[in-house]
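Position in the sequence shown counted from 1, then plus 55, gives you the numbering used here.
This report refers to the structure that appears directly beneath it.
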Amino acid sequence: MYAILGTGLIGGSIALGLRREDAGAHIVGFDLAPGVAARGVERGALSSSAPSAAEAVAQAEVVVIATPAGAVADICKEIAPHLKPGAVVTDVASAKSSIVEAAEALLDGSFVGGHPMAGSERHGIDAAHPDLFEDAWWILTPSGATGSEAYSKIAALASGLGAKPVALDPAAHDALVARLSHIPQLTASALVDAAVSAGDREALLGLAAGGFRDVTRIAASDPKMWVSILRSNRAAVMEALEGFAKRLDSLGDLIAGERWDELERWLAGARRARIEMFVRPDLSGEPVLLTMPVLDRPGVLAEVTTAAGRIGANIEDLRIVHSTEGGRGRLEIVIAGRGAADALAQVLNGLGYAVERGGVD
């Protein structure tokens with residue numbers, strides 16, 4: 056039996072994923088917001104809802120705390136006297152050091168800190184989906200107090216939901232996600248704020264290009280959730296912000312001083328790092344970026360991926376950047392090995408695509 060405490064996007068998706076794995080799984084839910092857990096029952100994610108966290112966990116073997124980060128310690132304190140022997144507790148908050156310290160003091164070796172690296176700018180139980188965690192990293196943060204059986208159970212939970220569990224020290228986790236998640240969120244929000252303060256809103260919406268939309272998409276995320284996250288990881292976020300501000304100052308100096316060659320080298324280095332970041336380390340050759348304009352129609356991806364498969368070219372990363380003009384977009388794929396990339400480009404050109412080659416020069 057499972058208890059899910061917090062049945063929004065993440066908690067609801069965990070429940071739906073457990074249902075997909077085992078249709079007969081008994082899952083009790085509780086949510087701090089009235090009516091949310093009941094909606095989880097209506098959606099088929101939960102077997103039942105409980106009026107309190109304590110009642111939800113009374114018979115559970117596995118408890119998942121999916122509340123905002125700032126509420127995790129209080130939830131642990133509430134449920135500690137009501138857990139059955141052998142029950143295991145985990146959370147999904149994106150800040151770990153303070154939460155792990157507080158939870159372990161209350162729950163001894165039965166707590167395993169967790170953070171699935173998956174989400175959406177949408178939120179709430181109606182946005183939940185059983186496939187949310189497919190191929191996502193699920194960071195676990197064991198400490199010296201973590202029981203091996205408890206860790207194994209939560210790692211198995213993550214794997215069963217399609218995720219890839221990986222262990223990190225809580226402090227190392229916080230420093231990492233501050234740079235990969237928290238600073239990007241603040242940057243996206245700051246970019247939107249800068250843009251809307253610059254002039255006419257309707258003109259802005261008309262001119263906003265795909266790049267701006269992509270970079271600022273996460274600014275639509277729940278602000279209350281993000282305040283809770285940032286409060287819980289304040290020290291790591293401040294350190295990351297200081298480092299980011301120094302990089303922006305350095306870029307400003309390059310532009311002010313008209314040091315264009317240095318700027319080009321810096322941009323080239325960032326471009327190389329971005330392409331290499333999202334490909335596997337066991338590539339059979341250097342990563343090569345192929346880009347091409349495509350019509351926004353069904354079958355384009357199938358045509359391109361079928362062509363790649365036919366000649367044995369490995370696609371390591373793929374995305375479509377949609378055009379604001381409608382009906383068209385740009386397909387970007389990363390291929391392992393220049394020979395395979397050149398062969399695929401030739402095939403795609405023969406199919407009528409205008410392929411441009413890039414690399415990590």
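We put the beta carbon where it would ideally sit given N, CA and C, even for glycine.
Residue i and residue j: beta carbons closer than 9 Å?
{"i": "residue 61", "j": "residue 101", "result": "no"}
{"i": "residue 196", "j": "residue 224", "result": "yes"}
{"i": "residue 216", "j": "residue 64", "result": "no"}
{"i": "residue 243", "j": "residue 205", "result": "no"}
{"i": "residue 173", "j": "residue 218", "result": "yes"}
{"i": "residue 160", "j": "residue 127", "result": "no"}
{"i": "residue 412", "j": "residue 396", "result": "yes"}
{"i": "residue 346", "j": "residue 387", "result": "yes"}
{"i": "residue 341", "j": "residue 374", "result": "no"}
{"i": "residue 303", "j": "residue 321", "result": "no"}
Near residue i, what residues of its chain come up, given a Cβ to Cβ distance below 7 Å and the 5 sequence neighbours on each side ignored?
{"i": "residue 286", "result": "125"}
{"i": "residue 317", "result": "309"}
{"i": "residue 75", "result": "185"}
{"i": "residue 428", "result": "Only positions 56 to 416 of the chain appear in the structure, and residue 428 is not among them; the question remains open."}
{"i": "residue 71", "result": "100, 183, 184 and 185"}
{"i": "residue 222", "result": "195 and 197"}
{"i": "residue 80", "result": "57, 73 and 74"}
{"i": "residue 402", "result": "362 and 366"}
Evaluate residue i with the Cβ neighbour count: other Cβ atoms within 10 Å of its Cβ, from every protein chain shown; 16 or more gives buried, anything less gives exposed.
{"i": "residue 369", "result": "buried"}
{"i": "residue 404", "result": "exposed"}
{"i": "residue 343", "result": "buried"}
{"i": "residue 122", "result": "buried"}
{"i": "residue 230", "result": "buried"}
{"i": "residue 389", "result": "buried"}
{"i": "residue 68", "result": "buried"}
{"i": "residue 325", "result": "exposed"}
{"i": "residue 371", "result": "buried"}
{"i": "residue 363", "result": "buried"}
{"i": "residue 281", "result": "buried"}
{"i": "residue 315", "result": "exposed"}
{"i": "residue 350", "result": "exposed"}
{"i": "residue 283", "result": "buried"}
{"i": "residue 400", "result": "buried"}
{"i": "residue 435", "result": "Residue 435 lies beyond the range of the chain shown here (56 to 416); nothing can be said about it."}
{"i": "residue 154", "result": "buried"}
{"i": "residue 162", "result": "buried"}
{"i": "residue 406", "result": "exposed"}
{"i": "residue 391", "result": "buried"}
{"i": "residue 138", "result": "buried"}
{"i": "residue 241", "result": "buried"}
Only counting the same chain, and skipping five residues up and downstream in sequence, which positions put a Cβ closer than 6 Å to that of residue i?
{"i": "residue 58", "result": "83, 111, 112, 115 and 118"}
{"i": "residue 237", "result": "292"}
{"i": "residue 98", "result": "none"}
{"i": "residue 66", "result": "59 and 121"}
{"i": "residue 96", "result": "104"}
{"i": "residue 193", "result": "171, 213, 218 and 220"}
{"i": "residue 299", "result": "238"}
Looking only at its chain, what residues have a beta carbon closer than 8 Å to the beta carbon of residue i, apart from the 5 residues adjacent to it on each side?
{"i": "residue 233", "result": "288, 291, 292, 294 and 295"}
{"i": "residue 279", "result": "123"}
For this session: Tell me, please, whether the region 103-117 touches the region 128-143 by the rule of three or more beta-carbon pairs shorter than 8 Å.
Result: Yes: at least three Cβ pairs fall under 8 Å.
Exercise. Using 8 Å as the threshold, is the region 168-180 in touch with the region 143-153, meaning 3 or more CB pairs across them?
Worked result: At 8 Å Cβ cutoff, the stretches touch.
For this session: Decide yes or no for the touch test of the region 152-167 against the region 199-214: beta carbon pairs closer than 8 Å, at least 3 of them.
Result: Output reads yes: the region 199-214 touches the region 152-167.
For this session: Counting only runs of 3+ residues fully inside the region 87-147, write out the beta strand (DSSP E) ranges in chain order.
Result: Qualifying beta strand (DSSP E) stretches, in chain order: 117-120 and 143-146.
For this session: Take every Cβ of the region 148-158, pair it with every Cβ of the region 175-185, and state whether three or more of those distances are shorter than 8 Å.
Result: Under the 8 Å Cβ criterion, the region 148-158 does not count as touching the region 175-185, having fewer than three qualifying pairs.
Exercise. Does the region 88-98 come within contact of the region 236-251, defined as at least 3 CB pairs closer than 8 Å?
Worked result: Contact between the region 88-98 and the region 236-251 is absent, because fewer than three Cβ pairs lie under 8 Å.
Problem set entry | Every unbroken beta strand (DSSP E) inside the region 231-315 [3 residues or more] | Listed in chain order, there is nothing to give.
Exercise. Counting only runs that start and end within the region 200-231, where is the beta strand (DSSP E) found for 3 or more residues in a row?
Worked result: Listed in chain order, they are 219-222.
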